[in-house]
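First up is the structure itself, then whatever we jot down about it.
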DNA sequence: ATGCCGCGTGGGAGCGGTCCCACGGGGTGA
DNA sequence: TCACCCCGTGGGACCGCTCCCACGCGGCAT
């Protein structure tokens, strides 16, 4: 045996896995043919295809992703970016369920999911270049703020991007969101149908699109029912429990006669419950309450909270397919997709 | 300009990014030197290093991960595998918080996090080969069942692996877990200190290590206090709300005189609350209750639940560092790490 | 019979890094 | 002065795949 024929010792301790070359040799065909079989090209004779498939099975061959990626300059992976993950926001089932949907939507297309949780600001700033350099095929962006510039930088770098939610009405990038306005309308209509007339609302931060949508829905429902909108029945929260309590206290001060509250999130609703209790109001006897999100707390607070449900997993799946579409052919694909919400009636209203 | 000098049109629409070659040309050095600078080799003169660093900055160069990975047969990425993600279990803050810690622990080492959520069984079965073929540098495995063989197959394939929790006392693989036994002991000791004597427990599935640990802690605390363990005060749940209700009902039937319950999870505790209410018992007046996990429901059920907290984020961080250690030098690294738990006292006990 | 077409095919040339060998030049000791 | 060493360096070979060009061959029209 000449030196050249001796197998080179591998550098790493890892098991040496069969290459496409090995498959070709075993199947008695060329590399090109094996590649064609793997990639499902029709230009392969049945004979060769069978031989290759047998060789693949016998060797337990699986293509090396790095090599393929280097050759094609695709990666078959997308990044899911959650900014600001520290702020235990990430622990909200909101994210998990969307991720679940995303994962389902991607894996059926053979795509990998890269989870990128960014901590501080500066880290987030570096992200655009980083993502482009990693050559992920696309990016899913969660929880973008109105003034966030990352989406635009990604767009400049020609990285296909899909957002969860939009930054504002004029969002140019592809995105998926729930019908917040419609959901809020459902909630308030339900309160009105229950005979309530002084319906207050605790909103989210006014600079967030979801918050505005839910407030608009509140107004819609009142208008539809011919009930005038009273501005003193509207108080701003910030999607936190504390914010919910403060807003509720303020509302009770302004309008002690209120008989219903629509809170733009379950967490704020839970704060409202505490404040209502403290003020001696019974729920739903004195004050009916509806939340938004149908999160886990909705089922567990006392009384169980009527809430608006968003189809989170489906939103994730939709995000995945929008992104795949955009990756396949840039510039195609619908801009924004709105998914319907639904009212889950429990005991609080 | 000869044809050979004309830039080749790039195949994809993406912007062509500078390569290491371009940096070398611009800096007036060889490829090797650039590579050395990037990888922090000391064998580079200050002069060359400065020139290279300038060129890198000017071109905005970022190394191509696929190429590096092909050459080194490392990937600088690890997979986090969550089996069975369908079962909305994944939505538990448990996972999110651990993932948060994992992400923090990895990103500081420049490692990427690949999230792999498996649905059905067959998919899970293919996973070992798949993971080895993707050449992730390591695997983090969540929620392994006692009879799960994936860890062993990964070990055979020489893939560094760290588990969240262990399959049993004899776990050979690296893993991180909370001190379940100690936490349970804290919980039950707290109940005894409150003057309770007929302390029941709702356990998890007996084939799960966490469940056994928490049951052992329950026994420990009673023994420490000289209170005999009564088997009829022990009922098995399955970590679901339904299971908790059923177990609580059974316990009330067996021992109507019980005055305290330690539930091995908050979710089961929440089921127990419902059943206790239905039986007309007040909490904590008639029956004191302690849960486990300090999950979000603990804060929101009525009354707020005293519960045992596990340091989830830290568990994630520890998993990451164990894995990195194992990747750096196989076979080193401690087998199992146990992190302390802590009792969070609220109003239920 | 001869040309032509087109199908299946083999294999060369990259993709962009790392690894390592070989080489030039300045310092050191004999 | 000469041999030796070591340090910094350039660049060839290679990682495993895809892309694409060129080629052989059988079937069809001429």
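Residue numbers (the numbering used here), protein chains in the order written: chain A, 1 to 349; chain B, 350 to 698. Even for Gly, the Cβ is constructed at its ideal location relative to N, Cα and C.
Reference residue 644 of chain B; option with closest CA among B/656, B/566, B/592 and B/627: Looking up residue 644 of chain B in the second chain gives position 295. Comparing Cα-Cα distances from residue 644 of chain B to each of B/656, B/566, B/592 and B/627, the minimum goes to B/656.
For chain B, check one thing: does any of its Cβ atoms lie closer than 8 Å to the Cβ of residue 310 of chain A? Mapped onto the first chain, residue 310 of chain A falls at position 310. Taking Cβ atoms only, chain B never reaches closer than 8 Å to residue 310 of chain A, which makes this a no.
Straight-line CA distance for residue 692 of chain B to residue 336 of chain A? Numbered from its first residue, the second chain carries residue 692 of chain B at position 343. Numbered from its first residue, the first chain carries residue 336 of chain A at position 336. Pairing residue 692 of chain B with residue 336 of chain A, the inter-Cα distance amounts to about 46 Å.
Pair every Cβ in the region 197-217 of chain A with every Cβ in the region 172-180 of chain A, then say whether three or more of these pairs are closer than 8 Å. Judged by Cβ distances under 8 Å, the region 197-217 of chain A makes contact with the region 172-180 of chain A, as three or more pairs qualify.
Quick check on this structure: which residue in B/497, B/444 and B/508 has the alpha carbon closest to the alpha carbon of residue 672 of chain B? Looking up residue 672 of chain B in the second chain gives position 323. Closest in C-alpha terms to residue 672 of chain B, from the list B/497, B/444 and B/508, comes B/508.
Reduced DSSP category for residue 551 of chain B - H, G, I as helix; E, B as strand; rest coil: Reading the second chain from its first residue, position 202 is the one you call residue 551 of chain B. Residue 551 of chain B falls in the strand class under three-state DSSP.
Would you list the one or two residues that DSSP bridges to residue 426 of chain B? For the purposes of this step, residue 426 of chain B is taken as the residue at position 77 of the second chain. DSSP output for residue 426 of chain B lists B/461 as bridge partner(s).
Could you give the distance in angstroms between the alpha-carbon of residue 439 of chain B and the alpha-carbon of residue 316 of chain A? Here residue 439 of chain B corresponds to residue number 90 of the second chain, with the count starting at 1. Here residue 316 of chain A corresponds to residue number 316 of the first chain, with the count starting at 1. Cα to Cα, the separation comes out at about 14 Å.
Rounded to whole angstroms, what's the CA-CA distance from residue 426 of chain B to residue 449 of chain B? Just pull it up for me. Numbered from its first residue, the second chain carries residue 426 of chain B at position 77. Numbered from its first residue, the second chain carries residue 449 of chain B at position 100. A straight line joining the alpha-carbon of residue 426 of chain B with that of residue 449 of chain B spans about 16 Å.
Starting from residue 162 of chain A, follow its DSSP beta bridges and name the residues at the other end. For the purposes of this step, residue 162 of chain A is taken as residue 162 along the first chain, with counting starting at 1. A/140 and A/174.
Between the C-alpha atoms of residue 2 of chain A and residue 24 of chain A, what's the straight-line distance to the nearest angstrom? In the first chain, counting from the first residue as 1, residue 2 of chain A sits at position 2. In the first chain, counting from the first residue as 1, residue 24 of chain A sits at position 24. Low local confidence applies: a pLDDT of 36 at residue 2 of chain A is under 50, so the model's placement there is unreliable, with the coordinate-based value given in what follows. Approximately 23 Å between the Cα atoms of the pair.
Per the DSSP calculation, residue 611 of chain B is bridged to which residue(s)? The residue labelled residue 611 of chain B in the question sits at position 262 within the second chain. Residue pairing of residue 611 of chain B in beta bridges, as defined by DSSP: B/550 and B/639.
Determine the extent of the alpha helix (DSSP H) in which residue 71 of chain A is found, giving its start and end residues. Translated into positions along the first chain, residue 71 of chain A becomes position 71. Residue 71 of chain A -> alpha helix (DSSP H) spans 65-72.
Alpha carbon to alpha carbon, how far is residue 498 of chain B from residue 522 of chain B? Here residue 498 of chain B refers to the residue found at position 149 when the second chain is read from its first residue. Here residue 522 of chain B refers to the residue found at position 173 when the second chain is read from its first residue. Per the coordinates, the alpha-carbon of residue 498 of chain B lies some 12 Å from the alpha-carbon of residue 522 of chain B.
So, under 8 Å CB-CB, residue 233 of chain A and residue 199 of chain A are touching, yes? Tell me the CB distance rounded to an integer number of Å. Here residue 233 of chain A refers to the residue found at position 233 when the first chain is read from its first residue. Here residue 199 of chain A refers to the residue found at position 199 when the first chain is read from its first residue. Between residue 233 of chain A and residue 199 of chain A a beta carbon distance of about 7 Å is seen, short of the 8 Å cut, so the two are scored as contacting.
Check for me: the alpha helix (DSSP H) holding residue 448 of chain B runs from which residue to which? By 1-based counting over the second chain, the position of residue 448 of chain B is 99. Under the DSSP assignment, residue 448 of chain B falls in the alpha helix (DSSP H) whose first and last residues are 442-456.
Residue 307 of chain A, DSSP secondary structure in three states: Within the first chain, numbered from 1, the residue matching residue 307 of chain A stands at position 307. The DSSP-derived three-state label of residue 307 of chain A is strand.
So if I threshold CB-CB distances at 9 Å, which residues from the region 126-137 of chain A count as touching chain B? Residues 129, 130, 132, 133, 134 and 135.
Nearest chain A C-beta to residue 447 of chain B closer than 8 Å, yes or no? Residue mapping note: residue 447 of chain B aligns to position 98 of the second chain, counting from 1. No - not a single Cβ of chain A is within 8 Å of the one on residue 447 of chain B.
Is it true that the CB of residue 236 of chain A sits closer than 8 Å to the CB of residue 247 of chain A? The residue given as residue 247 of chain A occupies position 247 in the first chain. The residue given as residue 236 of chain A occupies position 236 in the first chain. Between residue 247 of chain A and residue 236 of chain A, the C-beta gap is smaller than 8 Å, which places the two residues in contact.
Length of the line joining the Cα atoms of residue 404 of chain B and residue 131 of chain A: Against the second chain, residue 404 of chain B aligns to sequence position 55. Against the first chain, residue 131 of chain A aligns to sequence position 131. About 21 Å.
For the 8 Å Cβ check, are there 3 or more pairs between the region 398-417 of chain B and the region 376-388 of chain B? Counting Cβ pairs under 8 Å, three or more are found: they touch.
Separation of residue 65 of chain A from residue 140 of chain A, as counted between CA atoms: Along the first chain, read from residue 1 onward, the residue named residue 140 of chain A stands at position 140. Along the first chain, read from residue 1 onward, the residue named residue 65 of chain A stands at position 65. Straight-line spacing of the CA atoms in residue 140 of chain A and residue 65 of chain A works out to 21 Å.
Residue 188 of chain A versus residue 37 of chain A: straight-line alpha-carbon distance, rounded: Indexing the first chain from 1 puts residue 188 of chain A at position 188. Indexing the first chain from 1 puts residue 37 of chain A at position 37. So the alpha carbons of these two residues sit roughly 58 Å apart.
Where residue 700 of chain B falls: helix, strand or coil (DSSP): Outside the modelled stretch of chain B, which goes from 350 to 698, sits residue 700 of chain B, for which no answer is possible.
Rounded to whole angstroms, what's the CA-CA distance from residue 614 of chain B to residue 408 of chain B? Just pull it up for me. As a working mapping, residue 614 of chain B is identified with position 265 in the second chain. As a working mapping, residue 408 of chain B is identified with position 59 in the second chain. Their backbone Cα atoms lie some 55 Å apart in a straight line.
Would you call the CB atoms of residue 276 of chain A and residue 267 of chain A closer than 8 Å? Stepping through the first chain from its first residue, residue 276 of chain A is reached at position 276. Stepping through the first chain from its first residue, residue 267 of chain A is reached at position 267. Not closer than 8 Å, so no.
Answer yes or no: do residue 144 of chain A and residue 168 of chain A have a C-beta to C-beta separation smaller than 8 Å? By one-based count along the first chain, residue 144 of chain A stands at place 144. By one-based count along the first chain, residue 168 of chain A stands at place 168. In this structure, residue 168 of chain A does not lie closer than 8 Å to residue 144 of chain A by Cβ.
Buried or exposed for residue 362 of chain B, please, with buried defined as at least 16 other CB atoms from any protein chain shown within 10 angstroms of its CB. The residue labelled residue 362 of chain B in the question sits at position 13 within the second chain. Reliability of the predicted coordinates at residue 362 of chain B is poor, the pLDDT of 44 falling under 50, and the value obtained from them is presented with this limitation in mind. Looking at its Cβ environment, which holds fewer than 16 other Cβ atoms inside 10 Å, residue 362 of chain B is exposed.
Residue 585 of chain B bridges to which residues according to DSSP? Translated into positions along the second chain, residue 585 of chain B becomes position 236. Looking at the DSSP assignment, residue 585 of chain B forms a beta bridge with B/552.
Under a Cβ-count criterion, where at least 16 other Cβ atoms within 10 Å of its own Cβ denotes burial, should residue 184 of chain A be classed as buried or exposed? Position 184 of the first chain, counting from 1, holds the residue named residue 184 of chain A. Result: buried.
Which residues in chain B have a C-beta closer than 7 Å to the C-beta of residue 112 of chain A? List them in chain order. As a working mapping, residue 112 of chain A is identified with position 112 in the first chain. Within chain B, the C-beta atoms nearer than 7 Å to that of residue 112 of chain A come from 463, in chain order.
Taking the alpha helix (DSSP H) that residue 149 of chain A falls in, what are its first and last residues? To locate residue 149 of chain A, count along the first chain from 1; it is residue 149. Annotation: residue 149 of chain A is outside any alpha helix (DSSP H) and is labelled neither H nor E by DSSP.
Is the beta carbon of residue 651 of chain B closer than 8 Å to that of residue 293 of chain A? For the purposes of this step, residue 293 of chain A is identified with residue 293 of the first chain, where counting begins at 1. For the purposes of this step, residue 651 of chain B is identified with residue 302 of the second chain, where counting begins at 1. Judged by their CB atoms, residue 293 of chain A and residue 651 of chain B are not nearer to each other than the 8 Å cut-off.
Does the CB of residue 629 of chain B have a neighbour CB from chain A at under 8 Å? Locating residue 629 of chain B in the second chain gives position 280, where the first residue counts as 1. Under the Cβ criterion of 8 Å, residue 629 of chain B is not counted among the residues facing chain A.
From what residue to what residue does the alpha helix (DSSP H) around residue 506 of chain B run? Residue 506 of chain B sits at position 157 when you count from the first residue of the second chain. Counting along the chain, no alpha helix (DSSP H) covers residue 506 of chain B, and no H or E run does either.
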